[in-house]
Every structure is written in structure tokens, then in C-alpha cells.
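Here my numbering is used: the first residue of the sequence shown is 9, the next is one more, and so on. For every residue, glycine included, the Cβ atom is placed at its ideal position computed from N, Cα and C. Below is one structure, written out as C-alpha cells; comments come after it.
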Amino acid sequence: MARVSIDTVRKVYAGNVEAVKGVSLDIADGDLVVLVGPSGCGKSTLLRMVAGLETITDGTISIGDRVVNDVNPADRDIAMVFQNYALYPHMTVRQNLAYGLKNRGEKKDAIDKRVREAADILEIGDFLDRKPRQLSGGQRQRVAMGRAIVREPAAFLFDEPLSNLDAKLRVQMRGEIKQLQRRLKTTALYVTHDQLEAMTLADMLVVLNGGRVEQVGRPLDIYRKP
Ligand code: ADP
Ligand code: ADP
9 MARVSIDTVR KVYAGNVEAV KGVSLDIADG DLVVLVGPSG CGKSTLLRMV
59 AGLETITDGT ISIGDRVVND VNPADRDIAM VFQNYALYPH MTVRQNLAYG
109 LKNRGEKKDA IDKRVREAAD ILEIGDFLDR KPRQLSGGQR QRVAMGRAIV
159 REPAAFLFDE PLSNLDAKLR VQMRGEIKQL QRRLKTTALY VTHDQLEAMT
209 LADMLVVLNG GRVEQVGRPL DIYRKP
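Pasting the structure below:
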């Protein structure tokens, strides 16, 4: 795991839309930072710039000791978990988990071991041979997390990962994510618009508004204020 630094980052989209207006943010090694704020405040733009899915207009983003502004998404040593799971439908769970490692040219034994470990952690070992469509929403989301974990990335990026789940499952899964984070001590940036999710998960909470950081603090300090 590694720290992530965002230094005076700006994003101007075509049409002169300034979505992110000079944001600086440090995510300490092993911390889970949650980004919250009203729709359109720039959360997803910021996350996508860290992922490399969006160019950076100004400023610097580092992962570990490396400035990644010009580094391809695939070479940034991050793993992203999306709300729509993004699983490969024609592959089994096992193949979904193994796919990225195979592409990297890792040996079969090493892949099998990492897939088994991730399956244990996420309790998806019983359906490794099923296809995504044969799984429930919660199970699919676990597989999506498994696919991120097996990569052993320097940092995780979560883009509203639970927002497609029903309320009950959302509560359950956010508890599981918290446990997972404690266990793996993952450095993570997590975007949500759900206050309870933010409260439960965050080591540090960042409130964005109109493309700027409005508040930074521990969840209780931020939500206790009037
Ligand atoms: P959030 O994730 O907080 O809802 P976004 O980062 O998606 O906010 O959007 C921030 C601002 O940038 C909004 O005003 C949005 O309309 C604008 N925006 C997002 N993506 C684009 C784009 N591809 N082109 C132009 N403007 C965009
Ligand atoms: P590599 O091992 O070279 O990163 P993969 O085969 O694992 O390549 O993935 C192919 C592409 O999909 C790469 O751009 C990789 O970054 C991306 N990718 C796959 N899974 C994830 C994930 N969970 N998070 C972020 N990117 C991913």
C-alpha cells in the first residue's frame, strides 16, 4: 500500500467547465478517505483523475513516490471498484478473478493461490465456477472487490460501489468493506453520496463543494457540527 497525494489539482472540461478548482489532499498509507458532497461538486472527476481515466489540467497527483500525471491507468498500480461491477459476463468467477493476473504473465500456481486467498476473504469460494448472471447483486459486488484485491494494488478507488444494491444489502456490504479495510489496511479513496456510508467507512472525510474542498476531518467532527 502507498500514500496518495493530490496537489493543487484542477480540471477544466471542454466548454470551460471548471469541475475541480485547485484541490489538495493527502491520503495517508492505509487510510480510507471518503469524498462526499452534492451532485456535480467534482467527486467523480477527482477520482477519475487519480485513476488516470481523465486528464489533469493543472497540478500533480502522486501514488507512492511517483508522479502519475502522465502514467497510463494500467500502470498506476491502482484497482477500481465500480457500482456496475464491470465483471466479464462470459467468464466464471474464477476466470474473472484470474484475468488481470494472467494478462500480467503471472504463473498459474501464483494466480491460483491469490484467487483462493481473495475468495476466502470475500467468502465467494463456493461459487467460483458460476457466471456473473448466476449470482446475486451482493455476490457480484464481492467478486468485483475480489478482482481488485487480487491485483494487490498500491491503492483502491471506489466509485459509489454500493449504490446499485438494495438498502439492506448496502448496510451489510458497507460493514464488510470496513472489516476488509481494517484487515488489509488498504489505502483508499471512496466516493459516495450516502452519509451513513461515509460515516461508517471514513478514516477521514472530505467534503467537496463547487469543485473545492469545503471541509476535511474525522466523520464525527464533521457531522457533529450544526
Ligand atoms: P460529482 O461526481 O460530484 O457528481 P462530477 O465530477 O461528475 O461531479 O462533475 C463535476 C462538474 O463537471 C459538473 O458540473 C459536471 O457537469 C461537469 N462534467 C463532468 N464530466 C464532464 C464532461 N465530460 N464534460 C464537461 N463537463 C463535465
Ligand atoms: P494489467 O495487469 O496490465 O494492469 P489487466 O489485464 O489487469 O492489465 O487489466 C486490463 C485493463 O483493465 C488495464 O487498463 C487495467 O488497469 C484495467 N483493470 C482491470 N481491472 C481493474 C480494476 N479492478 N481496477 C482498475 N483497473 C482495472
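Can you give me the start and stop residues for the alpha helix (DSSP H) that residue i sits inside?
| i | result |
| --- | --- |
| Glu205 | Gln203 to Leu209 |
| Asn217 | That residue, Asn217, is in no alpha helix (DSSP H); its beta strand (DSSP E) goes Met212 to Asn217. |
| Lys29 | From DSSP, Lys29 is part of no alpha helix (DSSP H) but of the beta strand (DSSP E) over Val25 to Ile35. |
| Ala152 | Gly145 to Ile157 |
| Val58 | Lys51 to Ala59 |
| Val76 | First-last for Val76: undefined, no H or E at that position. |
| Leu177 | Ala175 to Leu192 |
| Gln103 | Val101 to Asn111 |
Which first and last residues belong to the beta strand (DSSP E) in which residue i is found?
| i | result |
| --- | --- |
| Val1 | In the structure displayed, the chain extends from 9 to 234; residue 1 sits before or after that span and is not available. |
| Arg220 | Arg220 to Gly225 |
| Gly67 | Asp66 to Ile71 |
| Ala163 | Ala163 to Asp167 |
| Ala196 | Ala196 to Val199 |
| Ala87 | Ile86 to Phe90 |
| Val123 | Taken as a continuous stretch (DSSP letters only), Val123 belongs to no beta strand (DSSP E), being part of the alpha helix (DSSP H) at Lys116 to Leu130. |
| Leu43 | Leu40 to Val44 |
Using C-beta distances below 6 Å, list every residue in its chain close to residue i, excluding the 5 sequence neighbours before and after it, in chain order.
| i | result |
| --- | --- |
| Pro140 | Leu95, Pro97 and Arg148 |
| Asn92 | none |
| Val44 | Ala206 and Val215 |
| Ala87 | Ala156, Arg159, Pro161 and Phe164 |
| Asn217 | Gly45 and Cys49 |
| Ile119 | Ala106 and Leu109 |
| Asp211 | Asp39 and Leu40 |
| Val76 | Ile69 and Arg84 |
| Phe166 | Val89 and Tyr198 |
| Arg220 | Lys29 |
Excluding the five sequence neighbours on either side, which residues of its own chain have a C-beta within less than 7 Å of the C-beta of residue i, listed in chain order?
| i | result |
| --- | --- |
| Met207 | Pro227 and Tyr231 |
| Leu130 | Arg150, Met153 and Gly154 |
| Met57 | Val17, Lys19, Ile64 and Ile69 |
| Thr53 | Lys19, Ala27, Val28 and Glu62 |
| Val123 | Arg102, Leu105, Ala106 and Val158 |
| Ile71 | Ala10, Val12, Arg84, Asp85, Ile86, Ala162 and Ala163 |
| Lys51 | Leu43, Gly45, Val199 and Leu216 |
| Ile185 | Leu209 |
Can you list, in chain order, the residues of its chain whose CB lies under 8 Å from that of residue i, leaving out five sequence neighbours each side?
| i | result |
| --- | --- |
| Thr16 | Gly30, Val31, Ser32, Asp66, Gly67 and Thr68 |
| Arg191 | Ile129 |
How many whole angstroms separate the CB atoms of residue i and residue j, which I take to be in contact at a CB cut-off of 8 Å?
| i | j | result |
| --- | --- | --- |
| Arg182 | Leu209 | 6 Å |
| Ile132 | Val89 | So it is not a contact: roughly 14 Å between Cβ atoms. |
| Gly38 | Thr195 | 6 Å |
Any heavy atom of ligand 1 nearer than 5 Å to the CB - residues listed
My final list is Tyr21, Val25, Ala27, Ser47, Gly48, Cys49, Gly50, Lys51, Ser52 and Thr53.
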